[in-house]
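Numbering (my numbering), first residue to last: 187 to 372.
Glycine included, each C-beta is placed from N, C-alpha and C at the ideal position.
A quick note: this is a predicted structure, and the numbers were derived from the prediction, not measured.
Right, one structure below, let's go through it.
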Ligand SMILES: [Zn+2]
Ligand SMILES: [Zn+2]
């Protein structure tokens, strides 16, 4: 069963990328996945995504679903480019939200030094057993070294829709600033 892009026939499916419902008659991307609880005809099932969520979270699936499909998505070229970036930079799909650190206890996955309380941090997800699970945090300034690109603001904005313009400006500044060596513990 190939991955597909199609119009949602109902409004009941929830997006595996953002958790929100996918509106009826809008485009959705369906990833073919093994169904562990059945065999024969039902041996595969589908995980549904908004196109933008699939481009960010499941870039290979997105590109395969779009390949040869007679579909013109909103923001089509930007989504293709975002998915291609996610294939080129294999850790990029792990980058999720931006938030202020609730405590100073969590360490950055890249440099291992603590992220100060109230400082901006990026949340990470790991793909495990067919789904994304929370997997810690990054300094925004460590994202380039971790993921191979610091071009993550669009995806962070998408997965953190409650950020204000002022917040986004602070996150953008933090992304542009490598974490100084003297802030990294040995
Ligand atoms: Zn979504
Ligand atoms: Zn770091």
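Beta-carbon to beta-carbon, residue 335 and residue 288 are separated by about 27 Å, too far to satisfy the 8 Å threshold. By DSSP's assignment, residue 242 forms no beta bridge with any residue. Annotation for residue 207: 197, 198, 199, 200, 201 place their beta carbon closer than 8 Å to its own, counting only its chain and skipping 5 residues before and after.
Taken in chain order, the whole beta strand (DSSP E) runs of length 3 or more contained in the segment 222 to 309 are 230 to 235, 281 to 286. Under DSSP, the beta-bridge partners assigned to residue 324 are 308. For residue 218, no alpha helix (DSSP H) encloses it; the enclosing beta strand (DSSP E) starts and ends at 213 to 220. Distances from the CA of residue 281 to each of 219, 304, 327, 253 were compared; the closest alpha carbon is that of 327. According to the DSSP secondary-structure assignment, residue 319 is paired through a beta bridge with 312.
For the options 245, 254, 256, the alpha carbon positioned closest to that of residue 264 is the one of 245. In the three-state reduction of the DSSP assignment, residue 357 falls in the helix class.
The beta carbon of residue 333 sits closer than 7 Å to the beta carbons of 275, 277, 278, 281 from its chain, once the five residues preceding and following it are set aside; these are given in chain order. Rounded to the nearest whole angstrom, the CA to CA distance from residue 345 to residue 204 is 7 Å. Excluding its 5 nearest sequence neighbours in each direction, residue 262 has no C-beta neighbour in its own chain below 6 Å. Relative to the non-hydrogen atoms of ligand 2, the Cβ of residue 365 comes within a distance shorter than 7 Å of at least one.
Residue 252 holds the alpha-carbon nearest to the alpha-carbon of residue 213 among 221, 316, 252, 342. The beta carbon of residue 187 sits closer than 7 Å to those of 218, 230, all from its chain and outside the five residues before and after it, given in chain order.
Residue 241 holds the alpha-carbon nearest to the alpha-carbon of residue 260 among 241, 234, 273. With a threshold of 16 other beta carbon atoms within 10 Å, residue 320 falls short and is exposed. Inclusion of residue 323 and residue 308 in the CB contact set at 8 Å is warranted, their separation being smaller than that value.
Contact check for residue 216 against residue 232 passes: the beta carbons are separated by less than 8 Å.
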